[in-house]
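Number of protein chains: 2
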Amino acid sequence: MEKQDTVNALYSLRKTPTQERSKATINAILSAAARVLLSIGYDKASTNKIAELAGVGIGSLYEYFPGKEAIFAEVRRREDQRLFDLTMNRPEPATLKELIQTHVSIYLEFVRSNLDLHAALINGVPQFAVGQQELPFYRDYVPWATKFLGAHASELRHVEHIEQVSSFITRATRSTIDNYVLHAPEQLNDPLIEELLTDLLQRFLLKT
Amino acid sequence: MEKQDTVNALYSLRKTPTQERSKATINAILSAAARVLLSIGYDKASTNKIAELAGVGIGSLYEYFPGKEAIFAEVRRREDQRLFDLTMNRPEPATLKELIQTHVSIYLEFVRSNLDLHAALINGVPQFAVGQQELPFYRDYVPWATKFLGAHASELRHVEHIEQVSSFITRATRSTIDNYVLHAPEQLNDPLIEELLTDLLQRFLLKT
DNA sequence: TTAATATACGAGTTATCGCTCGGTTATGAT
DNA sequence: ATCATAACCGAGCGATAACTCGTATATTAA
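If you're matching them up, the sequences are chains Z and G in order.
Under the numbering used here, the residues of the first sequence are numbered 697 to 904, in order.
Under the numbering used here, the residues of the second sequence are numbered 697 to 904, in order.
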């Protein structure tokens with residue numbers, strides 16, 4: 697409980713902004729953080745540089761963020777949220793087969809749309825409290841996927857452990873794409889990758 | 697060419713050791729680096745701390761390594777080499793099905809045997825010259841897998857693009873396991889994960 | 001034995017880091 | 001118009017980082 701709070705304090709906002717201009721300040725900081733990350737990398741990024749590029753006093757930065765990690769944790773959190781919104785704000789496909797195809801496609805388009813930033817986030821930025829608690833992405837996404845799989849249980853090959861299967865395919869999908877983002881970004885434009893990944897998941901999940 | 701050398705210089709040994717004691721020094725540094733990584737993380741790890749823990753003068757450290765990145769790049773390189781040796785020094789299975797099962801099993805055992813170090817490497821340590829050139833692991837492994845797939849082409853579902861398929865399954869396997877290492881390490885002891893991953897790959901690759 | 005080379009060393013220089021704190025300015029409520 | 005509070009600011013302190021360079025010691029070759 698206490699330890700948990702201590703940990704969380706390192707990664708969340710210090711105070712919640714109420715006025716508009718403070719929200720603008722926070723946005724400026726996050727935007728600057730992303731630009732600094734792209735130009736010099738996480739290691740050499742410093743709170744001073746971020747504040748300077750954001751056109752914000754260093755004191756202001758520390759009003760809202762306890763440190764560098766928290767800033768980048770927030771950058772990542774917002775990107776994850778964007779992805780989650782993209783996948784949710786969409787007519788729910790009728791069949792599992794379509795769902796798989798759709799989600800692979802959405803995530804691929806998502807990473808392609810801002811490749812450099814995602815590569816930098818994956819590679820350079822350590823993850824929020826790893827092992828301590830689940831990433832927001834999986835925490836939100838897996839239950840949703842589990843529910844969908846449960847609703848189509850009759851089409852599934854693996855009906856025994858739907859919860860674990862749901863987690864498994866979510867992780868496999870995301871991590872495989874992230875691997876391409878980092879190590880073979882040029883192949884992300886090849887439609888073959890999308891085909892292979894879709895086929896991989898469909899064959900695994902669906903009865904033939 | 698010149699740029700490439702500049703980049704490489706940041707990540708490779710400065711000089712090749714000839715005498716035994718210098719090899720011992722390098723090993724002490726690498727071992728200390730791993731321990732520092734586990735205790736305080738990549739960010740707060742410094743060359744000074746590593747040298748101190750290694751019982752080596754800071755000057756000696758800089759005789760061999762141009763900086764912190766190079767030290768950890770070498771730690772990772774050696775871990776990758778260990779894994780590669782494990783998979784190669786083993787009677788080659790007769791069938792693709794066995795091969796898949798075997799490799800999933802080897803890699804899982806490999807990460808389980810030193811979970812904390814692998815988690816720290818995956819999460820905290822930025823990758824060597826990402827995008828510039830392929831990681832040694834994939835550079836060595838993919839051609840080998842490609843050859844094996846080619847030799848069993850008759851059993852394959854995807855015979856059109858063996859090279860890309862080989863790369864694809866290698867990345868999918870490694871990145872999925874790495875995801876569990878980082879985000880759900882407790883599940884690595886559940887045999888279900890091994891089953892699911894094996895099944896995923898077999899269904900994708902093999903004709904039924 | 002001696003010369004050449006490889007290895008080891010660490011005090012010290014320079015730079016930057018994280019972060020605080022006392023104080024100013026802007027905003028909204030009364 | 002007045003006041004409370006939210007937001008903003010940046011000089012500057014203490015700590016620590018990366019890395020060099022002159023020097024000392026060990027090893028090997030001649």
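Beta carbons are placed, not taken as given, at the ideal position from N, Cα and C, and that holds for glycine.
Since we're looking at a predicted model, the values are computed, not measured.
If you ignore the 5 residues before and after TYR876(G), its C-beta comes within less than 7 Å of the C-beta of GLN883, LEU884 and ILE889, all in its own chain and listed in chain order. Those residues of the segment 864-876 of chain G placed with their C-beta closer than 8 Å to a C-beta in chain Z are PHE864, ARG867, ALA868, ARG870, SER871, THR872, ASP874, ASN875 and TYR876, ordered along the chain. If you check each beta-carbon in the segment 796-826 of chain G against every beta-carbon of chain Z, the ones closer than 8 Å belong to ALA815, ASN819, GLY820, PRO822, GLN823 and VAL826.
The beta carbon of GLY846(Z) is closer than 6 Å to those of ILE858 in its chain, skipping five residues each way along the sequence. Out of LEU902(G), ILE725(G), SER718(G) and PRO822(G), the CA that lies nearest to the CA of ASP739(G) is found in PRO822(G). The criterion of a C-beta distance shorter than 7 Å is satisfied by ALA750(G) and ALA724(G). In summary, SER863(Z) is buried, with 16 or more beta-carbon neighbours lying within 10 Å of its beta-carbon over all protein chains present.
TYR707(G): not part of any alpha helix (DSSP H); DSSP gives it neither H nor E. In the structure shown, LEU811(Z) adopts helical secondary structure according to DSSP, grouped into three states. Under DSSP, LEU902(G) shares a beta bridge with LEU852(G).
The beta carbon of GLN898(G) does not come within 7 Å of any beta carbon belonging to chain Z, so the residue lies off that interface. Along the segment 840-852 of chain Z, none of the residues has a CB nearer than 7 Å to a CB of chain G.
Just measuring C-alpha positions, the residue of LEU726(G), ARG786(G) and GLN898(G) sitting nearest ARG774(G) is LEU726(G). Cβ-Cβ distances below 8 Å link ASP836(G) to PHE780 in the same chain, with the five nearest sequence neighbours on each side left out; the list follows chain order.
Taking GLU748(G) as reference, the option from VAL800(G), TYR760(G), SER718(G) and VAL732(G) with the minimal CA-CA separation is VAL732(G). It is roughly 27 Å from the alpha-carbon of TYR707(G) to the alpha-carbon of ALA769(Z).
ASN810(Z) and ARG786(G) have their C-alpha atoms spaced approximately 42 Å apart.
Taking 7 Å as the cut-off, the beta carbon of VAL807(Z) is found no closer than this to the beta carbon of THR894(Z). Between the beta-carbon of LEU902(Z) and that of ARG853(Z) there is about 7 Å, and that keeps the pair under the 8 Å contact cut.
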